[in-house]
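Below is one structure, written out as structure tokens, with a few remarks after it.
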Amino acid sequence: MKIKYRIAVLFTLVVSFILLLLCASIFYFSNLNRAFSFRERIKNRAITTVSLLFKVSGINPNLLRRIDEITQISLDQKSFQIFNSAGNIIYSYADENVTPVPINANILLKAKEKGTYFFNYEGRDVVAVNYTDGDNSYIVVGAAFDKDGFQKLDELKLILLFSFIIGVLITFLSGLFFSERIVHPIQKITKEVKEISSQNLSRRIELKEPKDELYQLSYTFNDLMNRLQESFEIQRRFIANASHELSTPLTAISSQLEITMQNERTADEYKAVISSVYDDVKNLNQLTRSLLEIAKASGTSDGIELSLVRIDELLMRLPVELRKTNAAYNVQLHFDTFPENEDKLLVFGNNDLLFSAIKNIVTNACKYSPDHTANVSLSFSDYELYIIVKDNGPGISQKDLDLIFQPFYRGEEAENKHGFGLGLPLALRIIKMHKGNITIKSTVGQGSQFTIVLPIGRSFHLI
Ligand code: ADP
Numbered sequence: 001m002k003i004k005y006r007i008a009v010l011f012t013l014v015v016s017f018i019l020l021l022l023c024a025s026i027f028y029f030s031n032l033n034r035a036f037s038f039r040e041r042i043k044n045r046a047i048t049t050v051s052l053l054f055k056v057s058g059i060n061p062n063l064l065r066r067i068d069e070i071t072q073i074s075l076d077q078k079s080f081q082i083f084n085s086a087g088n089i090i091y092s093y094a095d096e097n098v099t100p101v102p103i104n105a106n107i108l109l110k111a112k113e114k115g116t117y118f119f120n121y122e123g124r125d126v127v128a129v130n131y132t133d134g135d136n137s138y139i140v141v142g143a144a145f146d147k148d149g150f151q152k153l154d155e156l157k158l159i160l161l162f163s164f165i166i167g168v169l170i171t172f173l174s175g176l177f178f179s180e181r182i183v184h185p186i187q188k189i190t191k192e193v194k195e196i197s198s199q200n201l202s203r204r205i206e207l208k209e210p211k212d213e214l215y216q217l218s219y220t221f222n223d224l225m226n227r228l229q230e231s232f233e234i235q236r237r238f239i240a241n242a243s244h245e246l247s248t249p250l251t252a253i254s255s256q257l258e259i260t261m262q263n264e265r266t267a268d269e270y271k272a273v274i275s276s277v278y279d280d281v282k283n284l285n286q287l288t289r290s291l292l293e294i295a296k297a298s299g300t301s302d303g304i305e306l307s308l309v310r311i312d313e314l315l316m317r318l319p320v321e322l323r324k325t326n327a328a329y330n331v332q333l334h335f336d337t338f339p340e341n342e343d344k345l346l347v348f349g350n351n352d353l354l355f356s357a358i359k360n361i362v363t364n365a366c367k368y369s370p371d372h373t374a375n376v377s378l379s380f381s382d383y384e385l386y387i388i389v390k391d392n393g394p395g396i397s398q399k400d401l402d403l404i405f406q407p408f409y410r411g412e413e414a415e416n417k418h419g420f421g422l423g424l425p426l427a428l429r430i431i432k433m434h435k436g437n438i439t440i441k442s443t444v445g446q447g448s449q450f451t452i453v454l455p456i457g458r459s460f461h462l463i
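Take the sequence shown: its letters are residues 1 to 463, numbered as in full-length UniProt numbering.
Laid out in structure tokens, this is it:
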């Protein structure tokens, strides 16, 4: 069932229930009121009857019966009986075709005790009243059928039934109208969302005041779309850059081979071409490895082998490893602020990935500084450890600082240095995967300081 019908039905059910309760109570209290006023009338008539008999001289039971007979209009199907204190009937009157109410000792006793006792007999209201005249006490019983009252009640029942049906109908229609109005913006949002496709990612849902739940929904959706579009854009740029970087050495290789094949060459010439092609292939190999590492480090740490890694041990591998890549690279380790508790040196993560991230940053420090020296130190807080990598290189301009973590971006100072612009983005992805971060402080002409922040092993689960 459509949500708008569901709202309308629910609304109708609730209002119908309230209407029903209202109609039932109106009917119930009207009937109570009818019974109360009618019984008061019978009671007054009963007292009048008994008063006439005992207080007005010259009135005897026959005359009284005559009086009761001729006042037929005021009460319908009436009957009056008077009992003395011994319970014997001393006066009885009943309209034509009406049987007097059978009275037993129990009824007389109740009337005596309560003063006035009401009950029903065959649809008639009956009142038994205790009446005292000097030393004598009597019980007078009056009964009548409230023809007018019941007729009015029947009319009231019809009016209430009619109003109830009309009320339910109006409720359903107005419920439908309001639910349509409530659902309409949702339908609009659905329509707008349907118009967004991967080709049309820049479309957004129109934000309309007031700032209600639907506004919030649209806002959140737009926000999600912004992030999606951004990551689509990054992916698109990445693919374009990657294919450009891959095709450059491939084009170089194929054109070198093509030119070489056009003529007969000397052995030295062939050697030179093979050496140049080899360099390009090495480049290609390095690039594809970096791309594979980036792919591995993208996403979450699910499926990656995790263990407690001792960071000081990891750092100690750096000097040898870097010297292997370039004999001039020099890594200076400064472990003067060693923590008292060695647990602080443990990071929960993947040993190889962490090493690769730190190595990229330290390699840059060596690569870009004229003395090819990187100074690496450690510092600690309660929940985090900091790996600080300092160099005396050219520094990084403010403009470059915002861009160097983007894949394939290379700064001005990188022009004559070998690289692909993938080292820092890869390092950042790995560190983010370990719930850490990389911050940079750099002054152009003086050097840079890269700080890798990592949560220490025992606080990893708190993050
Ligand atoms: P690559 O070093 O291969 O160019 P990276 O992603 O490692 O790629 O670095 C991106 C850019 O950041 C570099 O091209 C360089 O401009 C800048 N950069 C990184 N580290 C340093 C550093 N220590 N000093 C100066 N510039 C740096």
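Virtual Cβ for every residue (Gly too), placed ideally from N, Cα, C.
> For Ser16, which residues of its own chain have a beta-carbon under 6 Å away from its beta-carbon, when the five flanking residues on both sides are left out?
Replying inline: Translated into positions along the sequence shown, residue 16 becomes position 16. Closer than 6 Å at Cβ, skipping near neighbours: Val168.
>> Using only CA atoms, which one of Ser307, Leu246, Tyr138 lies nearest to Asn283?
In response: Counting from one through the sequence shown, the residue named residue 283 turns up at place 283. Out of Ser307, Leu246, Tyr138, Leu246 has the C-alpha closest to the C-alpha of Asn283.
>> Looking at the ligand ADP, does it come within less than 7 Å of Glu293, judged from the CB to the closest heavy atom?
In response: Translated into positions along the sequence shown, residue 293 becomes position 293. No; taking the cut-off as 7 Å, the Cβ of Glu293 has no heavy atom of the ligand ADP nearer than that.
> In chain order, what residues of the same chain have a beta carbon less than 8 Å from the beta carbon of Gln286, not counting five sequence neighbours either side?
Replying inline: Position 286 of the sequence shown, counted from the start, is the residue given in the question as residue 286. Around Gln286: Phe420.
> Going by the CB atoms, is the gap between Ser92 and Gln81 shorter than 8 Å?
Replying inline: Along the sequence shown, one-based indexing puts residue 81 at 81. Along the sequence shown, one-based indexing puts residue 92 at 92. Yes; because the gap between Cβ atoms is below 8 Å, this pair is in contact.
>> Check for me: the beta strand (DSSP E) holding Tyr121 runs from which residue to which?
In response: Counted from its first residue, the sequence shown places residue 121 at position 121. That run of the beta strand (DSSP E) goes 116-121.
>> Please classify Glu258 as buried or exposed, where buried requires at least 16 neighbouring CB atoms within 10 angstroms.
In response: Position 258 of the sequence shown, counting from 1, holds the residue named residue 258. Exposed: under 16 other Cβ atoms inside 10 Å.
> What do you reckon, is the C-beta of Gly393 under 7 Å from a heavy atom of the ligand ADP?
Replying inline: For the purposes of this step, residue 393 is taken as the residue at position 393 of the sequence shown. Result yes, Cβ under 7 Å from the ligand ADP.
> With 16 other CB atoms within 10 Å as the buried threshold, where does Val347 fall?
Replying inline: In the sequence shown, counting from the first residue as 1, residue 347 sits at position 347. With 16 or more other Cβ atoms within 10 Å, it is buried.
>> Please identify the residue among Phe221, Leu160, Thr171 whose C-alpha is closest to the C-alpha of Thr190.
In response: Counting from one through the sequence shown, the residue named residue 190 turns up at place 190. The shortest C-alpha separation from Thr190 is found at Phe221.
>> Quick check on DSSP: helix, strand or coil for Asp76?
In response: As a position in the sequence shown, residue 76 is number 76, starting the count at 1. The answer is strand: DSSP assigns Asp76 an E or B state.
>> Going by DSSP in three states, Pro455 sits in which element: helix, strand or coil?
In response: Within the sequence shown, numbered from 1, the residue matching residue 455 stands at position 455. DSSP places Pro455 in strand when its eight states are reduced to three.
>> Considering only their Cβ atoms, is the gap separating Gly395 from Thr363 smaller than 8 Å?
In response: Position 363 of the sequence shown, counting from 1, holds the residue named residue 363. Position 395 of the sequence shown, counting from 1, holds the residue named residue 395. Result no, Cβ atoms of Thr363 and Gly395 do not sit closer than 8 Å.
> To the nearest whole angstrom, what separates the beta carbons of Thr439 and Ser379, a pair I think is in contact under 8 Å?
Replying inline: By 1-based counting over the sequence shown, the position of residue 439 is 439. By 1-based counting over the sequence shown, the position of residue 379 is 379. Thr439 to Ser379, Cβ: 13 Å. No contact.
> residue 482 to Leu207, Cα distance in whole Å?
Replying inline: Within the shown structure, residues of the chain are numbered from 1 to 463, placing residue 482 beyond reach of any answer.
> When you compare each of Thr288, Glu415, Phe54 to Gly134 by their alpha carbons, which one comes out closest?
Replying inline: For the purposes of this step, residue 134 is taken as residue 134 along the sequence shown, with counting starting at 1. Comparing Cα positions, the closest option is Phe54.
> Can you tell which of Val309, Asp312, Gln446 has its C-alpha closest to the C-alpha of Asp371?
Replying inline: What you label residue 371 is simply residue 371 of the sequence shown in a count that begins at 1. Answer by Cα proximity: Gln446.
>> So Phe450 and Val389 are supposed to be a Cβ contact under 8 Å. How far apart are they, rounded?
In response: Position 450 of the sequence shown holds residue 450. Position 389 of the sequence shown holds residue 389. With a Cβ gap of about 4 Å, Phe450 and Val389 count as contacting.
>> Please give me, in chain order, every unbroken run of the beta strand (DSSP E) with length at least 3 that falls completely inside the segment 266-319.
In response: 307-310
>> Please report the distance separating the alpha-carbon of Ile186 from that of Leu214.
In response: Stepping through the sequence shown from its first residue, residue 186 is reached at position 186. Stepping through the sequence shown from its first residue, residue 214 is reached at position 214. Cα-Cα distance, rounded: 7 Å.
>> To the nearest angstrom, how far is the alpha carbon of Thr441 from that of Ile196?
In response: Along the sequence shown, one-based indexing puts residue 441 at 441. Along the sequence shown, one-based indexing puts residue 196 at 196. Residue identity differs from the one stated: residue 441 is Lys in this sequence, not Thr. About 41 Å.
> With distances taken from CA atoms, which of Leu401, Glu412, Glu313 is nearest Val376?
Replying inline: As a first step, residue 376 is located in the sequence shown; it is residue number 376 there, counting from the start. It is Glu313 whose Cα lies nearest to the Cα of Val376.
>> By alpha-carbon positions, which one of Asp146, Glu233, Pro455, Thr71 ends up nearest to Ile387?
In response: Taking the first residue of the sequence shown as position 1, residue 387 is located at position 387. Closest by alpha carbon: Pro455.
> For the beta strand (DSSP E) that Asn437 lies in, which residues bound it at each end?
Replying inline: The residue labelled residue 437 in the question sits at position 437 within the sequence shown. Looking at the DSSP string, the run of the beta strand (DSSP E) that includes Asn437 is 437-443.
> Since Ala327 is in the alpha helix (DSSP H), which residue starts that stretch and which ends it?
Replying inline: Taking the first residue of the sequence shown as 1, we reach residue 327 at position 327. In the DSSP annotation of this structure, Ala327 is not part of any alpha helix (DSSP H), being labelled neither H nor E.
> Nearest to Asn44 by alpha carbon, out of Val127, Ile67, Lys359?
Replying inline: As a first step, residue 44 is located in the sequence shown; it is residue number 44 there, counting from the start. Of Val127, Ile67, Lys359, the residue nearest in Cα terms is Val127.
> Gly457: buried (16+ other C-beta within 10 angstroms of its C-beta) or exposed?
Replying inline: Taking the first residue of the sequence shown as 1, we reach residue 457 at position 457. Result: buried.
> By DSSP, does His334 sit in helix, in strand, or in coil?
Replying inline: Residue mapping note: residue 334 aligns to position 334 of the sequence shown, counting from 1. Note: His334 maps to strand in three-state DSSP.
> Just reading off the beta strand (DSSP E) that Tyr219 is part of, what are its end residues?
Replying inline: On the sequence shown, position 219 is the one that residue 219 refers to. That residue, Tyr219, is in no beta strand (DSSP E); its alpha helix (DSSP H) goes 213-262.
> Between Ile396 and the ligand ADP, is the CB less than 7 Å from at least one heavy atom?
Replying inline: Sequence index remark: in the sequence shown, residue 396 carries index 396 (1-based). At least one heavy atom of the ligand ADP is nearer than 7 Å to the Cβ of Ile396, so yes.
> Should Asn263 be counted as a contact of the ligand ADP given a C-beta to heavy atom distance under 7 Å?
Replying inline: For the purposes of this step, residue 263 is identified with residue 263 of the sequence shown, where counting begins at 1. Flag unset: Cβ of Asn263 not near the ligand ADP.
>> What ranges does the alpha helix (DSSP H) occupy inside the segment 86-142, keeping only unbroken runs of at least 4 residues that lie completely in it?
In response: 105-114
> Assuming Val309 contacts Leu354 under a Cβ cut-off of 8 Å, what Cβ separation, rounded to an integer in Å, is found between them?
Replying inline: The sequence position of residue 309 within the sequence shown is 309, counting from 1. The sequence position of residue 354 within the sequence shown is 354, counting from 1. Between Leu354 and Val309 the Cβ distance is about 6 Å, and since that is below 8 Å, they are a contact.
> Which of the three DSSP states, helix, strand or coil, is assigned to Thr373?
Replying inline: Stepping through the sequence shown from its first residue, residue 373 is reached at position 373. Of the three classes helix, strand and coil, the one that applies to Thr373 here is strand, per DSSP.
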